[in-house]
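Colleague: Here the sequence shown stands for residues 71 to 568, numbered as in the numbering used here.
Below you will find the structure I want to go over with you.
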Amino acid sequence: MTATEKPTTFDSLDPRTGDVVASYPVHTADDIAFVVARAREAADWWVELGFDGRKEQLTRWKGVITRRIHQLAQIVHDETGKPHGDALLEASLGIDHLAYAASHAKKVLGPKRVSPGLLMANQAATVRYHPLGVVGVIGPWNYPVFTPMGSIAYALAAGNAVVFKPSEYTPGVGAWLASTFEEAVGRPVLQVVTGLGPTGAALCTSGVDKIAFTGSTATGKRVMAACAETLTPVVIEAGGKDAFLVDADADLDAAADAAAWGSFANAGQTCVGVERIYVHRDVYDPFLAKLVAKAEALTAYDADDAQIGPITMPSQLNIIRRHIEDAIARGGRAVLGGPDAVGERWVQPTVLVDVPEDSVAVTEETFGPTVTVAKVASMDEAVELANATRYGLAATVFSKRRGVELADRIRSGMAAVNGIITFAGVPGLPFGGVGESGFGRIHGPDGLREFTYAKSITRQRIKPLLALTSFTRTEAAEKQLAQIMTLLHGRGTTIGPK
């Protein structure tokens, strides 16, 4: 291949060893145009099945995935390096969301009667939710089943065809999902395209009817810019810098266990993972001791029984190292781990304290097994610090008396009280953030509606009592209208001097 030639294939690598897992094609813009056209034809068949027919097809696909769940988990393990048990949990959650979307689409998206109001009382009013057509899904590598399934399953259940571009780090997972769908359904309603950044960019401008993107905030902005060229709508699930609050009355053992999982599971490569902890000063020392003890029991290494896997994306190692070094250079301390915890493929759990709030370890997404722990004088201060971020994805609060109150005050799309990331496991809840964590929602009824457009329909039942929308409207009708409006809405408080 010459310097001017573009590669036609790329390799999926095992992050534990660097060995090639498999090779996949680099799909071009022409390839994607063909796939989208094929999807559009399949979408006509898919939408004609109706809710019940699609439920039957999706249930068949769910059965294939479930029967081969260990095979899927192995592919996830090979491509991301995460422990097999974590991969199995991820696949299970994905199946649960597929089941929810298939079984709830009819109830959520079926025709709904709407009150026409007094002025239009002669009308029957309904709203219907129509599928968009073809949805492009651009998935991440850190949860290559669970996260894209939150878009794929809901888009399919709503009546759309889907073109899925998995991360270049986990193409095998995407290919497996598309292959099992083809086996179960037999039509190209779900197709996969593989490649690097240009492949995703080509999907954005391919004429799909919506893009569902999950990934970093920086890449999300590039996706939006590409989609703006064709006014293609997007749903963006981007990064986070999630806060974890520990109140003075919290169950410290449970809080430390949850904080350890939220901070270090999947080697910290979780968009809704814990990156900042704010602890009431009355329980700061015992909580910190319990958290460090939990973290000390964890080791990231290459073994089947390892609880923490490698850093999947090699370039992330430099970001993790930079955040730790900056925190220490600015007066912070590593009570566990530190710069030496960053190896060639693995990063050991690192707990940082006394870190200035304007350090990059506090302000930027780290996406590694590190966490900052800060002492606060009150939970009001904790909420204020939790909200001092441009992100707004999720949050966690441990408190016996004020948990829900505090969680509601944090500016985030999701929150868990006395649990960790539990909202992600409830299929009926919307998933998404605010600020630079993105917009739009997947999961739940909101996730189903996200992949439709609302259509309003009115039907005249009887002739109107007042002919208002006609050039035959009389002055008497206008006076009657004014009288009606005064009677209905004219009882407000008088404004201004009496």
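For every residue, glycine included, the Cβ atom is placed at its ideal position computed from N, Cα and C.
Note that the coordinates shown come from a computational prediction; the quantities given were computed from them, not determined experimentally.
When the distance is taken between beta carbons, is Asp372 closer than 8 Å to Gly401?
Modeller: Not closer than 8 Å, so no.
Colleague: Just curious, the beta strand (DSSP E) that Phe283 is in, first and last residue?
Modeller: Unbroken beta strand (DSSP E) run through Phe283: Lys280 to Thr284.
Colleague: Can you check whether the C-beta of Val342 is within less than 8 Å of a C-beta belonging to chain D?
Modeller: Checking the listed chains, one finds no chain D in this structure; it contains a single protein chain.
Colleague: Quick check on DSSP: helix, strand or coil for Phe468?
Modeller: Strand at Phe468.
Colleague: Look at Ala254 and Val134 and say whether their C-beta atoms are less than 8 Å apart.
Modeller: Yes; because the gap between Cβ atoms is below 8 Å, this pair is in contact.
Colleague: I think Leu387 touches Gln377, with their Cβ atoms under 8 Å apart; what is that distance to the nearest whole Å?
Modeller: At roughly 19 Å, the Cβ-Cβ gap does not stay under 8 Å, so Leu387 and Gln377 are not in contact.
Colleague: Straight-line CA distance for Ala494 to Arg403?
Modeller: Ala494 and Arg403: Cα-Cα distance of roughly 32 Å.
Colleague: In angstroms with no decimal places, state the Cα-to-Cα distance between Glu126 and Gln144.
Modeller: Computed Cα separation, rounded: 27 Å.
Colleague: Using DSSP with H/G/I as helix, E/B as strand and the rest coil, what is His350?
Modeller: Correct three-state label for His350: strand.
Colleague: Taking the beta carbon of Gly407 as the centre, do at least 16 other beta carbons fall within 10 Å, making it buried, or is it exposed?
Modeller: So Gly407 counts as buried.
Colleague: Please report how far the alpha carbon of Ala161 lies from the alpha carbon of Leu142, in whole angstroms.
Modeller: Their backbone Cα atoms lie some 7 Å apart in a straight line.
Colleague: Are the CB atoms of Pro409 and Gly338 within a distance shorter than 8 Å?
Modeller: Not a contact, by the Cβ cut-off of 8 Å.
Colleague: Specify the secondary structure class of Gly206 as computed by DSSP and reduced to three states.
Modeller: Of the three classes helix, strand and coil, the one that applies to Gly206 here is strand, per DSSP.
Colleague: Is Ala464 closer than 8 Å to Ala456 when the C-beta atoms are compared?
Modeller: Going by C-beta atoms, Ala456 is not nearer than 8 Å to Ala464.
Colleague: When the Cα atoms are used, what is the spatial distance from Ala296 to Val207?
Modeller: Their Cα atoms are separated by approximately 14 Å.
Colleague: Ala272 and Gln261 - do their beta-carbons sit closer together than 8 Å?
Modeller: The answer is no: Cβ separation not under 8 Å.
Colleague: Which full runs of the beta strand (DSSP E) of 3+ residues lie inside the segment 520 to 553, going along the chain?
Modeller: Within the segment 520 to 553, the complete beta strand (DSSP E) runs of at least 3 residues are 522 to 530.
Colleague: Could you tell me which residues DSSP pairs with Glu307 in its beta bridges?
Modeller: Paired residues: Thr284 and Gly508.
Colleague: Just list the residues that DSSP pairs Ala231 with in beta bridges.
Modeller: Note: Ala231 sits in a beta bridge opposite Val204.
Colleague: What is the rounded straight-line gap between the Cα of Phe121 and the Cα of Ala112?
Modeller: Taking the straight line joining both Cα atoms gives about 16 Å.
Colleague: Suppose you measure from the CA of Asp312 to the CA of His393; what does that come to, to the nearest Å?
Modeller: C-alpha separation (whole angstroms): 16 Å.
Colleague: With 16 other CB atoms within 10 Å as the buried threshold, where does Ala308 fall?
Modeller: It is buried - the Cβ of Ala308 has at least 16 other Cβ atoms within 10 Å.
Colleague: How should Met555 be labelled, buried or exposed, when 16 other C-beta atoms within 10 angstroms of its C-beta is the threshold for buried?
Modeller: Exposed: under 16 other Cβ atoms inside 10 Å.
Colleague: Is Ala228 closer than 8 Å to Phe521 when the C-beta atoms are compared?
Modeller: Taking 8 Å as the Cβ cut-off, Phe521 and Ala228 qualify as a contacting pair.
Colleague: Less than 8 Å between the C-beta atoms of Val293 and Val304, yes or no?
Modeller: Contact: yes.
Colleague: Can you look up Gln193 in the DSSP assignment and give me helix, strand or coil?
Modeller: Gln193 falls in the strand class under three-state DSSP.
Colleague: Just to confirm before moving on: does the CB-CB distance between Gly244 and Gly209 stay below 8 Å?
Modeller: Taking 8 Å as the Cβ cut-off, Gly244 and Gly209 qualify as a contacting pair.
Colleague: Which residues does DSSP pair with Ala296 in a beta bridge?
Modeller: Paired residue(s): none; Ala296 is not in a bridge.
Colleague: Assuming Ala157 is part of the alpha helix (DSSP H), what are its boundary residues?
Modeller: Start and end: His154 to Leu179.
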